[in-house]
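Below is one structure; the comments refer to it alone.
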Amino acid sequence: MSRLRMGASYAFFALVAAVCVIGIWRSIVDDEPGTVKYLVGVLVFVVATIGFSLSYRPRSNGRLEIEERNVRGETSPTIAYSTTPPILLCLIMGTLGLLLAVGAYELLPEPQTILPLPPESEHLLQEENSEGYGGTAFFGLLAVYFLSFPLGFLAGRLRVGYIAFTSEGIFQRGWAFESFLPWSDIAATPTGYGGHSATLVFGYSNAQWETKRTALVWKIDAPTPRPGIVIDYRKIRDDASLVHEYVTTQITERTGR
């Protein structure tokens, strides 16, 4: 996306946020609490969306922090993914789910009166209740769908992710998948970092490559279609150029090339 379009998008979201803030203030002044919850929800959604756009990009913070983690039965050096984008995605999806859940609840038909109704009014009440339950079911299902995203992280189906360099190969835990490529099956060492958003580690076509999806519904990322590992720097916590240098050094030392 060009800088002009990006700036226009930020300006639009900032305008929506300003309108929400003004609307919240007016609703409080006019004593209309029913509107406040929706405006607060939209405001949180807008702020989280802007935050995700700003955080989901390669970093040049001069940082490279190697952690030790137990992977595939051994302690291995790892490079962690950033926690910020997943947290903001959970906030976005969770807010949408809560807004839809509130809408579904408010569409529920009011309890029927205990007073007997004239025959000509009963069919009108039945039609109103039918429409109310239909809307509640529709918005309720959408709410469950969006709320399943943060629940996926809580259940461990979705994870923040990391790259591990084991004695046998490179293990990648993405947001929604796992991938493993043995050192002996790496076809070539990646070239120097040129400011790209990812480093591609290609494997041979007959590589003993292992992949597994960990999420059934939210397939928010995926392994490469062919044997290999894609290190997406938009998801990595540390400096992109330093991570690239570390990855190439590991491949060179482990493969002897």
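Counting from 33, one number per residue, gives the positions in the sequence shown under the working numbering. The beta carbon of each residue, even a glycine, is placed where N, CA and C say it ideally should be.
Pair within 8 Å by beta-carbon distance, Lys-267 and Pro-109: Lys-267 places its beta carbon 8 Å or farther from that of Pro-109.
Of the listed residues Ile-119, Arg-89 and Glu-97, nearest to Leu-183 (C-alpha basis): Ranking Ile-119, Arg-89 and Glu-97 by Cα distance to Leu-183 puts Ile-119 first.
Rounded Cβ spacing between Gly-206 and Gly-193 (contact assumed at less than 8 Å): Right, their Cβ atoms sit about 5 Å apart.
Cβ neighbour criterion (16 or more within 10 Å) applied to Ser-228: Contrary to the premise, residue 228 reads as His rather than Ser in this sequence. It is exposed - the Cβ of His-228 has fewer than 16 other Cβ atoms within 10 Å.
As assigned by DSSP and simplified to three states, the class of Ala-133: Looking at Ala-133 - three-state DSSP - the assignment turns out to be helix.
Where Ala-50 falls: helix, strand or coil (DSSP): Looking at Ala-50 - three-state DSSP - the assignment turns out to be helix.
Backbone secondary structure at Val-103 - three-state DSSP: In the three-state reduction of the DSSP assignment, Val-103 falls in the strand class, which pools E and B.
Arg-269 - DSSP class collapsed to helix/strand/coil: Three-state result, Arg-269: coil.
Any chain D beta carbon closer than 8 Å to Gly-83: Absent from the structure is chain D; it holds one protein chain and no more.
DSSP three-state assignment for Thr-281, whether helix, strand or coil: Secondary structure at Thr-281: helix, using DSSP grouped into helix, strand and coil.
The stretch 100-114 / the stretch 124-141 touching (three or more Cβ pairs under 8 Å): The stretch 100-114 makes no contact with the stretch 124-141: fewer than 3 CB pairs, one atom from each, lie closer than 8 Å.
Touching by the beta-carbon criterion (3+ pairs, under 8 Å), the stretch 203-222 and the stretch 163-183: Taking a cut-off of 8 Å for Cβ pairs, the stretch 203-222 and the stretch 163-183 do not touch, as fewer than three such pairs fall below it.
Buried or exposed by the 16-neighbour rule on C-beta atoms within 10 Å, applied to Ile-98: Classification of Ile-98: exposed, given that the 10 Å Cβ count is below 16.
Proximity to Thr-221 [Cα-Cα], best of Ala-208, Tyr-236 and Glu-210: If we check each option's Cα against that of Thr-221, Tyr-236 comes out closest.
Arg-286 to Ser-85 span [Cα, whole Å]: If you take the alpha carbons of Arg-286 and Ser-85, they lie about 36 Å apart.
Inter-residue Cα distance where the pair is Tyr-177 and Thr-127: Cα-Cα distance, rounded: 12 Å.
Closest Cα partner of Val-68 within the set Val-79, Leu-75, Ile-56 and Val-76: Between Val-68 and the set Val-79, Leu-75, Ile-56 and Val-76, the nearest pair of CA atoms involves Ile-56.
As assigned by DSSP and simplified to three states, the class of Pro-65: Here Pro-65 sits in helix by DSSP.
DSSP state of Leu-157 mapped onto helix, strand, coil: Residue placement at Leu-157 is flagged as unreliable, the pLDDT there being 47, under the threshold of 50; the coordinate-derived value follows with that caveat. Per DSSP, reduced to three states, the secondary structure at Leu-157 is helical.
Nearest-angstrom Cα separation, counted from Ala-230 out to Asp-264: One C-alpha to the other measures close to 4 Å.
Ala-50 versus Tyr-70: straight-line alpha-carbon distance, rounded: Going by the C-alpha atoms only, they are around 14 Å apart.
CB of Gly-166 within 8 Å of CB of Leu-130, strictly: In this structure, Leu-130 does not lie closer than 8 Å to Gly-166 by Cβ.
Classification of Arg-89 by the beta-carbon crowding that lies within 10 angstroms, buried from 16 upward: Flag for Arg-89 reads exposed.
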